[in-house]
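Contents: one structure, followed by commentary.
There are 2 protein chains.
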Amino acid sequence: MKRQIAEILLVGTELLLGDIMDTNGKYLARELSDLGIDLYYQTVVGDNPKRLREAVNRALERSDVVISSGGLGPTCDDITRETFADALGLELKLHEPTVERLKSFFTSVGRKMTDNNMRQAMVPEGATVLTNDWGTAPGLYMKKDQKHAFLLPGPPRELEPMFRERVRPILFDMSDRKFVSDTLEVYGIGESALEEKLRDLMQGADPSLAPYAKDGEVLLRITSSGADVAEAKEKNRGMIQKVLERAGEYVYDINGESLQRALVERFSKKGLKIATAESLTGGLISKRITSVSGASAVFELGICSYSDRIKNKILSVSEASLEEYSAVSEAVAMEMAEGARRLSGADIAVSATGYAGPTGERVGLVYIGVSSSLSTRAVKLDTGRRTGEREYIRSLSASRAIAEALREAGLFSWENSCCK
Amino acid sequence: MKRQIAEILLVGTELLLGDIMDTNGKYLARELSDLGIDLYYQTVVGDNPKRLREAVNRALERSDVVISSGGLGPTCDDITRETFADALGLELKLHEPTVERLKSFFTSVGRKMTDNNMRQAMVPEGATVLTNDWGTAPGLYMKKDQKHAFLLPGPPRELEPMFRERVRPILFDMSDRKFVSDTLEVYGIGESALEEKLRDLMQGADPSLAPYAKDGEVLLRITSSGADVAEAKEKNRGMIQKVLERAGEYVYDINGESLQRALVERFSKKGLKIATAESLTGGLISKRITSVSGASAVFELGICSYSDRIKNKILSVSEASLEEYSAVSEAVAMEMAEGARRLSGADIAVSATGYAGPTGERVGLVYIGVSSSLSTRAVKLDTGRRTGEREYIRSLSASRAIAEALREAGLFSWENSCCK
């Protein structure tokens, strides 16, 4: 079966001026990959009629599926709609249901609708309007001569749900074969060591197995195709089983998201509470945990103790340890974690102390402390990074602290995954 | 004078699979804009010889300056070097100085050099090698028939310094006119209200004035050109003066970076210390402050008190206030800030309490508390965001808390800027 070839057009002069970071390209690329559609090109083009027209023509010529983002707004710079309609030879007509939708939207937010907004209700003949429940600019789906064009609004918080709810089902139905993806979240082994273990499995194309490294974590993505979803799912299950047999001890979640989400979900389910005591991470561990909605069920207290004085005064780290071993030591990491646990009454407390740099001889040396009713221990984490990577060192340290909290609670394993 | 037209080619199949987020495109776009070079296209293309060749040919045909990122590594997937050389009709030759460089690099890191690495020492005839002091793959500059091609490595921590140190000077010299950019960092006024005040100034092209909004802050970018740098700088100075006259009260820095950097620099200079007490922000305020190197001079203690119990126990927020007004109230915000100041002995403490969502009727309601030896006050911040924007609400709240700390210290104004 011939796989479909896709192309992404990101429209907007602001992208060519470097004003904003595009995230739509990556989002759409990943989604297309999950659908088994090959993305060959991704082009950023400004709000310039001639250059946009050229880019649209080229895309429609060489690709089966073209997805654009941006240029659907009400201003005269917004020309994506007109350009695609013109390239496909479709006439624009006022779309009454969209007029009504826009009118009631403007009434509901108490703003006045301008004539310009009316341009957003112009729809090429035969096109399908993709209703935008997340903003004002409707999306469009135009089809002609086996070419499929999807026009989506630029803001990611509109584009992402629009793709998921409106475009994905159409692309999914379009294909004879159905693709299904699953992810395994891995922590505690480097990408190359993991590849070593899984090399032969990574050779296959269906199911495919691909690793993505990020800040000391690895995500394994498994994609299979089948005549129907059930068949694809079954193939994924087989691959997941093989990976778990070889590297299961490092897999902390299946179709999960992050260490912090696993922690909040699992601690919450067991009625456990966590506290933090942070030095070099400066609040990053608590920030990550509390970024998960529902965190209040497991998290009550985090102390960010940046000076020796505060470590002693608030967390009761002994002056003796601070003097004898310095603030970056196993002893102090353990006393910080103990202090946080005592203060908060939490079941488990974790701490992080170390040198984040940017300068100094011992940059990258970090101790993570873990304290529970069973024991208190410290883990040495040599991030091995050179100077100037302050945020990277902080990030690795926060990941390790959260992973250690999961381990201490006996909840690290993927067997605790809610989505397996 | 004809402005030069540039094009960016981002090379890598991993970008088309959505595995990694490209940041090079935005970085290069901004840098080119600052140099007065017009960027018309930015294309992502995979490691496929035919498609890369087409993209390179098209770029060299329609643009004066072509900058590529990626595909310079040692593996057989890395074909950018060969493709450009071929397109420009230049033969590849072994470059002895680069061989020596690579050899000594591999010796220094204790790794074995492979035959593949030798490919990185192949240089098109007449090309200039752009020495890479940040990694192994050297960059290349090829020039032919008024076309300029710059090949840079893909990793941002190599590409960014390579552009800054190696490419920028060449592009700068290439142009008759010299471009200079300055930024004004703005907080406390929305983008559209600011545009209202500055509309006529934004019409001009040289100096140009452009606003960029980000998480409740606005960055104003001013760019001028001149026969020499001094002339361009002088034009920028005139524009800066005009902006300050109209909206100076919102400008907190000149050529600065962020509220937290301004805080760390200015508090440090005055010998002031800050403490934080966070509820909805969950450590984000302290995380931001401690992300600035040198933060230890101004920051000692942050408390992340997520529950009422901890607000009362650690920060001594009164049970009466918690019961009468609830944890999200002016009274509690003020008591949290007071508590943090008392515990830490800091000069100024800030707090944040509110509803980050994702659900609930009062999502987006936030109180920021500020306490100093002079007074304690609370600020109501109605972020006006709908549900589901938890991180956005947290981010706005953290910005406001840091801005209020600067205001309380009388250090908010741009007049405290170290770079003006």
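Note that the protein sequences, when read in sequence, are chains X and A.
Note that the working numbering gives residue 942 to position 261 of the first sequence, counting from 1, and the numbers run on in steps of one.
Note that the working numbering gives residue 1091 to position 410 of the second sequence, counting from 1, and the numbers run on in steps of one.
Using N, Cα and C, we set each Cβ at its ideal position, and we do this for glycine too.
Query                                                                                                                                                                                               : Result
Check each candidate in Lys828/A, Asn813/A and Met823/A and name the one with the smallest Cα separation from Arg838/A.                                                                             : Asn813/A
Quick one: what's got a C-beta closer than 6 Å to Ala1082/X's C-beta in the same chain, skipping five residues either side?                                                                         : Ile966, Val1031, Ala1033 and Ile1049
In chain X, which residues lie with their C-beta within 7 Å of the C-beta of Asp700/A?                                                                                                              : Tyr893
What does the alpha-carbon distance come out to for the pair Met682/A and Ala908/A?                                                                                                                 : Residue placement at Met682/A is flagged as unreliable, the pLDDT there being 49, under the threshold of 50; a coordinate-derived value is accordingly withheld.
Note down, in chain order, each residue of its chain lying with its Cβ closer than 8 Å to the Cβ of Asn917/X, except the 5 sequence neighbours on either side.                                      : Val861, Ser862, Asp863, Pro888, Ile903, Thr904 and Ser905
State yes or no: is the beta carbon of Glu981/X nearer than 8 Å to at least one beta carbon in chain A?                                                                                             : yes
In angstroms with no decimal places, state the Cα-to-Cα distance between Phe1093/A and Ala1059/A.                                                                                                   : 17 Å
Apart from the five residues on each side of it in sequence, which residues of its chain come closer than 6 Å, Cβ to Cβ, to Ala891/A?                                                               : Arg902
List the endpoints of the continuous alpha helix (DSSP H) containing Val945/A.                                                                                                                      : Leu940 to Lys951
State the start and end residues of the unbroken beta strand (DSSP E) segment that holds Gln723/A.                                                                                                  : Asp719 to Val726
Only counting the same chain, and skipping five residues up and downstream in sequence, which positions put a Cβ closer than 7 Å to that of Lys878/A?                                               : Arg927 and Ala928
If you run the structure through DSSP and keep just helix, strand and coil, what is Tyr931/X?                                                                                                       : helix
Quick one: which chain X residues come within Cβ less than 7 Å of Tyr1048/A?                                                                                                                        : Near Tyr1048/A there are no residues of chain X at all, since even the closest Cβ is about 17 Å away, more than 7 Å.
Are Arg947/X and Val973/X touching if we call contact CB-CB under 8 Å?                                                                                                                              : no
With a threshold of 16 other CB atoms inside 10 Å of the CB of Lys793/A, please say whether the residue is buried or exposed.                                                                       : exposed
Considering only residues of the stretch 849–918 of chain X, which uninterrupted beta strand (DSSP E) runs meet the minimum length of 3 residues and lie entirely inside it, listed in chain order? : 859–868, 889–895 and 898–907
Which bits of chain A does Glu1072/X rub up against, with CB to CB less than 7 Å?                                                                                                                   : Ser972
If you reduce the DSSP assignment to three classes, tell me which class Ile966/A lands in.                                                                                                          : helix
What residues of chain X sit near Pro1039/A, judged by a beta carbon separation below 7 Å?                                                                                                          : Ser974
Output the residue ranges of the alpha helix (DSSP H) runs that lie fully inside the stretch 724–769 of chain A and measure 4 residues or longer, sorted by chain position.                         : 730–743 and 761–768
Taking DSSP as the reference, what is the three-state secondary structure of Gly1035/A?                                                                                                             : strand
Less than 8 Å between the C-beta atoms of Tyr933/X and Trp1095/X, yes or no?                                                                                                                        : yes
Give the straight-line distance between the Cα atoms of Gly699/A and Gly1026/A, rounded to the nearest whole angstrom.                                                                              : 48 Å
If distances are taken between C-alpha atoms only, which option among Gly963/X, Leu1024/X, Leu996/X and Ala1012/X comes closest to Lys992/A?                                                        : Leu1024/X
Between the alpha carbons of Pro842/X and Leu783/X, how many angstroms are there, rounded?                                                                                                          : 19 Å
Quick check on the burial criterion: 16 or more other C-beta atoms within 10 angstroms. Buried or exposed for Gly791/A?                                                                             : exposed
Once the 5 residues before and after Cys985/X are set aside, which same chain residues still bring their CB inside 7 Å of it?                                                                       : Glu959, Gly963 and Gly964
Please say whether Leu961/X and Arg1037/X have beta carbons closer to each other than 8 Å?                                                                                                          : For the sequence presented, residue 1037/X should be read as Ala rather than Arg. Yes, these two residues count as a Cβ contact at 8 Å.
Any beta carbon of chain A sitting closer than 8 Å to that of Val1013/X?                                                                                                                            : no
Could you check how far apart the C-beta atoms of Glu930/A and Glu898/A are, in whole angstroms? I think they sit under 8 Å.                                                                        : With 8 Å as the limit, Glu930/A and Glu898/A do not qualify as a contact, their Cβ atoms being about 15 Å apart.
Return the residues of the stretch 710–732 of chain X that lie within a Cβ-Cβ distance of less than 8 Å from chain A, sorted by chain order.                                                        : Ala710, Arg711, Glu712, Leu713, Ser714, Leu720, Tyr721, Tyr722, Gln723, Thr724, Val725, Val726, Gly727, Asn729 and Arg732
Would you verify that the beta carbon of Leu833/X is, or is not, closer than 8 Å to some beta carbon of chain A?                                                                                    : no
In chain order, which alpha helix (DSSP H) runs of at least 4 residues are fully inside the stretch 990–1059 of chain A?                                                                            : 1000–1006 and 1011–1025
Can you tell me the Cα-Cα spacing of Tyr822/X and Thr764/X, whole angstroms?                                                                                                                        : 14 Å
Just checking: is the beta-carbon of Pro789/A within a distance shorter than 8 Å of some beta-carbon in chain X?                                                                                    : The sequence given here has Ser at residue 789/A, not Pro. Not one chain X Cβ lies under 8 Å of Ser789/A.
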